[in-house]
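Taking it in order: structure first as structure tokens, then the write-up.
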Amino acid sequence: MSNGPTVLIEQANSRYTMYAVVEQDERTAYFYLYPAELQSKKYRMRACWLRNIQPGPAKRDSAAMANGDAPMLEARFSNHPEGKEPLKAELISIVWMPEEDGAAVLYDGKTLGVIPGWSLYSDEPAAYAADCIDADDNAIVFPLGEQGRNEQHARVAEAVSFRESWDDTEAPQWPVIQQQFISTYESHFGEIKQYFAIDNNQWPPMALGKFEKDNIVYFLSMGISIRPMPWVSYLYNENAAAYRRMELAMAVSKDDFTEEEIMKMAEGLSSMADIPWRHISWLGEGHTIASSKLPAPFESIVLSAALYNGESIALPEMYGDKVNLFWLSPVTLSERQFAHEKANGGYELLEKMIQDDVTHIVTKREAIV
């Protein structure tokens, strides 16, 4: 049994939902992603072998696992069968993927190991290491390989570039993004009336613009789409770029609701902006979210782009991806229960709402189910 590992680096993502840790003992070094306590029942720890310090075993290191130690990688799967020098903590850094559900370890600026975000959701977890050269059916890690032959290299490079661009004080990103969205919204709903920061002084910057047109108050977000949502790359694979970024909107009739009621609904929208990253989740068409900020009889909202029946709004692309604009439509308890009765029930609820002439504009109405 080893003397126990030494932690070389530990770093949380921006919402403290996941922790990246590199540990090393006298035998081997590992990279781990741990879910925070609130997420630990939903997600499990993921591990990535980085290197053997001692000569690798000929067979699977079952004895180490039985003793509660991290297993060494078989010698034939490593590019250093006789072992390699221990990692130096001062050369290690962590880069989180933009979704913040996966991360990579860099060693002196070069990628040493990767745990992709989609591995968090898979029953067969995967990790990639630069010093791994082969694997079998029982592999605990796979070769990272050469650049151009494994997409993980590109994903890490994108993550590094993404983080560096937001650290660049000489070319700040937010003013450009902010103005693009405001200009787009003003072209449809007139001059912005009020501007609210909704990011709680956390990165990334997120805001809500208030507009008024034809006795309708509009609230439209900007900045939510800076980060792609977790889960989406796992669910949609090569089509993920069409679904992983969103902004939120709400249109409320001044004829039906008081100013106080309208502003409370806007508060509810603001609180939903960070849900995918606070809960390692995602939001899309037909999803429902409970809210205490709605006037009776409403108690939840359903997200929908399909309910919108106005002039087409082309949002600015974000890092080459389409940005979806989801309108928040309040629903009653019975409507939410209907949506939750079956798979894709949210879509069926939206179909009924559209058949009942419910649009993106929030008005007082009776329950439709």
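Residue numbers (the working numbering): 783 to 1151.
All residues carry an ideal CB built from backbone N, CA and C; glycine is no exception.
Can you give me the Cβ contacts of residue i inside the same chain, cut-off strictly under 7 angstroms, excluding the 5 residues immediately before and after it?
i: S1063; result: P1012, W1013 and I1057
i: A1072; result: E1081 and S1082
i: Q929; result: H935
Can you have a look at residue i and say buried or exposed, based on whether 16 or more other CB atoms are within 10 angstroms of its CB?
i: N785; result: exposed
i: P987; result: buried
i: D807; result: buried
i: M879; result: buried
i: R931; result: exposed
i: N834; result: buried
i: T951; result: exposed
i: R1118; result: buried
i: N795; result: buried
i: G891; result: exposed
Nearest CA to the CA of residue i: which residue from the options?
i: I1006; options: K824, V999, A1031 and N861; result: A1031
i: Y1101; options: A1023, D1038, M1047 and H1142; result: A1023
i: Y903; options: A840, Y801, T966 and S1015; result: S1015
i: S1052; options: G991, A939 and A1078; result: G991
i: A839; options: M1054, A1125, Y825 and F859; result: According to the sequence displayed, residue 839 carries Pro and not Ala. The shortest C-alpha separation from P839 is found at F859.
i: W831; options: G895, V942 and D1138; result: G895
i: D1138; options: Y1129, T1145 and I1150; result: I1150
i: E867; options: R809, D843 and I959; result: R809
Between which residues of its own chain and residue i is the CB-CB distance below 6 angstroms, once the five residues before and five after are set aside?
i: E805; result: P787, V789 and Y812
i: S875; result: L888
i: M847; result: P853
i: G884; result: I897, P898 and G899
i: Y1000; result: F971, F993 and A1033
i: N1091; result: T1141
i: G865; result: N834, I835, Q836 and P837
For the beta strand (DSSP E) holding residue i, just list the boundary residues, first then last.
i: L1051; result: Premise fails: L1051 lies in the alpha helix (DSSP H), E1041 to M1054, not in any beta strand (DSSP E).
i: A941; result: Counting along the chain, A941 falls outside any beta strand (DSSP E), though it belongs to the alpha helix (DSSP H) covering E933 to D949.
i: I897; result: K892 to I897
i: Y889; result: A885 to Y889
i: S904; result: Looking at the DSSP string, S904 is not in any beta strand (DSSP E), and its letter there is neither H nor E.
Hey, quick one: how far does the alpha helix (DSSP H) through residue i stretch, first residue to last?
i: I915; result: Run containing I915: none; DSSP gives neither H nor E here.
i: E867; result: Premise fails: E867 is in no alpha helix (DSSP H) and is neither H nor E.
i: I1057; result: I1057 to R1060
* Continuous beta strand (DSSP E) assignments of at least 3 residues falling wholly in the region 794-865 -> 800-806, 810-817 and 828-834
* Length at least 3, wholly inside the region 970-1014: the beta strand (DSSP E) runs in chain order -> 976-979, 989-995 and 998-1004
* Kindly provide the ranges of any alpha helix (DSSP H) runs that are 4 or more residues long and lie completely inside the region 1112-1150, ordered along the chain. => 1115-1122 and 1127-1137
* **Within the region 1062-1096, ranges of the beta strand (DSSP E) (whole runs, at least 3 residues)** => 1070-1072 and 1080-1086
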